[in-house]
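With positions in the sequence shown counted from 1, the corresponding number in our numbering is that position plus 1076.
Remarks on the structure that follows.
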Amino acid sequence: MSIRVRFAPSPTGHIHVGNVRTALFNYLFARSQGGKFILRIEDTDLERSTLESEELIYEDLEWLGLDYDEGPKKGGEYGPYRQTERFDIYNKYAEKLIEEGYAYKCFCTKEELDAEREKASKEGRAYIYGGKCAHLTKEEIAERQARGEKASIRFRAFKPTILVQDMIHGDIEFPTNAFGDFIIIRPDGAPIYNYVVVIDDALMKITHVIRGDDHLSNTPKQALIYEAIGEKAPVFAHIPMILGPDHAKLSKRHGNTSVEEFRKAGYLKEAMINYMSLLSWSSDDERELFTMDELKEKFSMKRVSKSAAVFDFDKLKWMNGIYIRSKEISELLELCKPYIIESGLADEKYINENKEKLEAMLLSVRDNFTLLSDAPEYLKVYFELSEDITEEAMEMLNLPTSKGVLDLFLEKIKDKEYLDIETYRAIMKEIQKETLTKGKPLYMAVRCGITRSTKGPEMDSVATILPVAELTRRIKATMEKAGMA
Ligand code: GLU
């Protein structure tokens, strides 16, 4: 049997993290088993679905690197892959279900159904359809239709129990009187999710349905429809929910929740994929860092747990830092570029013309940040002299030795354009000898003179990346501001 799985988002916006994990597990399962991964756009909710949102889904999947084998734009043997293009198919199957007695036309109006629902709620029982239209004769139906009455199509819960087989939850037997006969096509012709999902999965030869366990309660209805159309149900795998750190369902109030928000906030796709893979899945060797290729090999549905996963924002950030540090510096610069430009530190032209310099700057700070968007804050020291001298820096500059160190430093760099590391280090040694100042008072004086702060990247980098003219300007300005001139 060749494995076929699908990701079936509704196009209502950027992909939410919960759905990223669903897409990822489907993808990894398919890739680890040599199967096919299909993208199906579930756009039957015409009010909420838009083509723009569909584009966002393609963008998000592309950014994440979740390539699919069949889909709306890509085509494939089992298309179309957009549900609004499949209405004829849904209608054809609905007619067949009616012919065979598995479904019937229901003329009950919204008011009638609301009243039934209200009565059930007053009596404290779950609502199920009362069955008023369950046994209309052909003549009655024809007559009501001739009168212009609109009908929905209702599926008959034709047996008392239905078995659902789930890779994660095991076998579950559901009583069908928990939901009764249910609508599959609305009076306006709009088909309902529980129905179309079955027709599509069956016709697209989906072998495994991997999705969030919020759909577990829909599954008995779907399993009944499979039986009615004479198709074997796929293997289900309902993966647990993702919770926020407070163990409530992950939502906006916990922070970023869509792929796009994470991308914009400066997360790398490698970190997203790696972190999301660990939400309810774990490797047998307790390893936590995986590339996509390693995941494709390692991933197994058998190791997906039943319990909900807690989204740990700090851990994702930590992981992001690891991936930032493992990037080739030229690639990291490309990734940081939009953030640098947005911060106003440098424009695209400057960055492109000074790649080597920018890479050296980035290399000197990249161990210190965990989000791409943090880069400008750390790089700032190279682009501007901060307005204020920090308190700690002021303390260092106030040491009795600092003025002598800085005067001498200025003197020794005077005729140069740039310092290289050897020259910088040699100069520092000479100053040490000549002023008998060493350690912190020596190095901090120079650092604080140039950056007005006791923190920041290695001086080996700062002193060699900035031109001597700039070092000189900064030291003089700082000495003046600190009253050392
Ligand atoms: N469109 C449904 C959703 O996004 C698909 C559910 C399913 O995978 O069956 O929740």
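Backbone N, C-alpha and C define an ideal beta-carbon position, used for all residues, glycine too.
Between the stretch 1408-1418 and the stretch 1301-1310, the count of Cβ pairs shorter than 8 Å is below three; the stretches do not touch. In this structure E1192 does not touch G1207 by the C-beta definition: roughly 10 Å separates them, more than the 8 Å allowed.
Fewer than three Cβ pairs drawn from the stretch 1222-1235 and the stretch 1273-1280 lie within less than 8 Å of each other, which leaves the two stretches out of contact. Contact between R1442 and I1497 does not hold, since their C-beta atoms are separated by about 18 Å, which reaches or exceeds 8 Å.
In the three-state reduction of the DSSP assignment, I1465 falls in the coil class, being assigned neither a helical nor a strand state. The Cβ atoms of I1244 and H1314 lie closer than 7 Å to each other. The three-state secondary structure of H1211, taken from DSSP, is coil.
Distances from the CA of E1346 to each of E1146, L1448, A1324, L1475 were compared; the closest alpha carbon is that of L1448.
With contact defined as three or more Cβ pairs closer than 8 Å, the stretch 1346-1362 and the stretch 1372-1381 are in contact. A residue is called buried once 16 or more other Cβ atoms fall within 10 Å of its Cβ, and M1077, having fewer, is exposed. Under the three-state reduction of DSSP, T1283 is assigned to coil, being neither helix nor strand. In the structure shown, C1412 adopts helical secondary structure according to DSSP, grouped into three states. Here DSSP, grouped into helix, strand and coil, assigns E1249 to strand.
For V1273, the shortest C-beta to heavy atom distance toward the ligand GLU is below 6 Å. When the Cα atoms are used, E1362 and L1354 turn out to be separated by approximately 10 Å. In the same chain as T1548, and ignoring 5 residues on each side of it, the C-beta atoms closer than 8 Å to its own belong to L1486, I1489, K1490, in chain order. Here K1172 carries a helix assignment [DSSP, helix/strand/coil].
Between the alpha carbons of A1222 and L1122 lies a gap of roughly 28 Å.
Annotation: Q1298 is outside any beta strand (DSSP E); the continuous alpha helix (DSSP H) that includes it extends over 1295-1304. Counting the other Cβ atoms within 10 Å of the Cβ of T1120 gives 16 or more, which makes it buried.
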